[in-house]
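One structure below.
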Amino acid sequence: MTYLLPRQCAENTCSEIVVTSPTTVCWVCDEVRCHEHMRRPNHPCGTVDDIRSAARDDPVLKERRKQSRLSRVSAKVST
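Going by the UniProt record's numbering, the sequence shown opens with residue 1, and the numbers climb by one from there.
If you want it as structure tokens, here you go:
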């Protein structure tokens, strides 16, 4: 998805024009939705916040983030 392009909200009843960004494009269904329609119960995939919190709690992703932080710190120390 290319960001910063104006698009209409994917909700049929909404005529709002939304500038695409990581907070307006659903990570699950890739639809562009306005702030109001990105929330439940309007959006069947849930909210971006729900997806982010699920990713934050995932143990595999936690370990990857930890390793990434450690590698950045060790790269700074070695230079």
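Don't be surprised by glycine CBs; every beta carbon is placed ideally from N, CA and C.
The secondary-structure analysis by DSSP pairs P6 across a beta bridge with V19. When DSSP states are grouped into helix, strand and coil, V77 belongs to the helix group. Boundaries cannot be given for E31, as no alpha helix (DSSP H) includes it and DSSP labels it neither H nor E.
Sequence-distant Cβ neighbours of E16 in its own chain, meaning closer than 6 Å and more than five residues away, are C9 and C34. DSSP lists V32 as the bridge partner or partners of V25. Rounded to the nearest whole angstrom, the C-alpha separation of Q67 and P6 is 37 Å.
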